[in-house]
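Residue 1 is where the sequence shown starts when you use UniProt numbering, and the numbers rise one by one after that.
Quick reminder that beta carbons are idealized off the backbone N, C-alpha and C, glycines included.
Predicted, not measured: the structure shown is a model, and the values here were computed from it.
Structure record follows, encoded as C-alpha cells.
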Amino acid sequence: MPATTAPAALLALYDREMRRGARPDGPDAVVERVGRVVRRTAPAHGWNGVEWSGFTSAQEADEAIAGQIAHYTSRGLSFEWKLYAHDEPADLGERLSAAGFTAGPDETLMAADIDGLALTETVPDGIRVVPVTDAAGVDQVAEVHEHAFGDDASRFRRRLLDALSTTPDTVAAVLALAGDVPVGAARMELTPGTGFAGLWGGGTVPEWRGRGIYRALITHRARIAAARGYRVLHVDASPQSRPILRRLGFTPLTVTTPYMYEPPQ
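Take a look at the structure:
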C-alpha cells in the first residue's frame with residue numbers, strides 16, 4: 001500500500017478486507033458468509049450483526065433481511081445491521097426500517113495512513129497515558145465510558161476483558177490518568193492479516209475535555225498499531241470528533257448507520 005491512498009481505493013480495500021473478509025473477534029464468535037451477507041454471531045455481550053451485504057435486487061435484500069432476523073431471534077440475540085451509504089439497493093435503510101429495525105445516529109467512516117498523520121508529540125500537563133492490561137484497568141476504562149457517554153458499560157467491560165484475556169493480539173486499550181484518577185480512555189481493535197486497526201470508544205470525562213486528551217489517545221494508539229505492523233487507522237467518527245480527526249489527517253470515506261433489531265420479548 002502506498003504511503004497515501006486515494007479515498008476511493010481505501011474504501012474498496014476496507015470493504016474487501018474488513019467487511020467481506022471479516023474475521024471472528026474472539027474464541028466464541030463465528031463469522032459466516034450466507035448468500036450475499038457476511039454476519040457475525042457471538043455471545044450476548046459481544047457484537048452481533050451484519051458486516052457486509054451486496055444485493056443485486058430488492059427481492060434478494062428482503063429475503064436476506066428476513067433470514068437474518070430469523071437467525072438472531074432464534075438465539076434470543078439483538079443485532080446490528082451496519083449499513084454503509086454505498087450499499088445496494090439504495091433504499092436498503094428503508095427496507096430495514098420497514099422490517100422492524102431502528103436506525104441510530106449516522107457516523108462518518110474516516111481513515112488515514114499512519115505515516116501521514118499529524119500526531120501530537122505532547123501529553124497534556126498533569127496527564128499520563130498508560131496501557132490497560134488487567135481487570136482493574138478494564139474497570140477504569142468502563143468507568144470513563146459511563147461518565148463520558150452516559151450509558152451502561154457492563155457488556156462493553158466483559159467484551160474488553162474477554163479480548164484482553166483470550167486474544168490480546170487483537171485489542172489494545174489505554175487510559176489517561178490525572179494522578180490516579182481515570183479521565184480518558186480508548187481502545188483499538190487490530191485485525192490480523194489486514195493493514196487496518198480500528199479506533200473505538202475514545203472518550204474524555206466532561207470536566208477534562210478541550211485539553212488535548214482525545215488527540216493524545218489517538219497518538220498513543222497509532223504508535224501501538226505502527227509497532228505491530230499496521231498501516232491504516234479507521235474510525236466511525238461522530239460530528240464532535242470529525243474536526244479533530246480531519247486536522248490530524250483522517251479522510252472521510254463514507255457514512256455508516258447502525259440499524260438495531262431487538263427480538264420480541
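query                                                                                                                                             : result
Figure out for me which residue from Q240, A186, N48 has the closest Cα to the Cα of T219.                                                        : A186
Do you know how far the Cα of S57 is from the Cα of Y214?                                                                                         : 42 Å
Since L217 and V129 should fall inside the 8 Å C-beta cutoff, what is the C-beta to C-beta distance between them, to a whole number of angstroms? : 7 Å
When DSSP labels each residue in this structure, what does D113 get in the three-state scheme?                                                    : strand
Hey, would you say V64 sits closer than 8 Å to G35, going by beta carbons?                                                                        : This sequence places Ala at residue 64; Val is not what is there. In contact: A64 and G35 (Cβ atoms closer than 8 Å).
Buried or exposed for E51, please, with buried defined as at least 16 other CB atoms from any protein chain shown within 10 angstroms of its CB.  : buried
Looking at the unbroken alpha helix (DSSP H) that takes in V205, where does it start and where does it end?                                       : Note, V205: premise wrong, no alpha helix (DSSP H); not H, not E.
Run the CB neighbour count on P124, radius 10 Å, all protein chains shown included, and call it buried at 16 or more, exposed below.              : buried
The beta strand (DSSP E) with L217 in it runs from where to where?                                                                                : Segment 213-227 is the alpha helix (DSSP H) holding L217; no beta strand (DSSP E) there.
So, do the region 83-93 and the region 188-208 have three or more beta carbon pairs nearer to each other than 8 Å?                                : no
Please classify P182: does DSSP put it in a helix, a strand, or coil?                                                                             : strand
Per DSSP, what are the beta-bridge partners of A103 in this structure?                                                                            : Y259
Determine whether the beta carbon atoms of G26 and T166 lie at a separation below 8 Å.                                                            : yes
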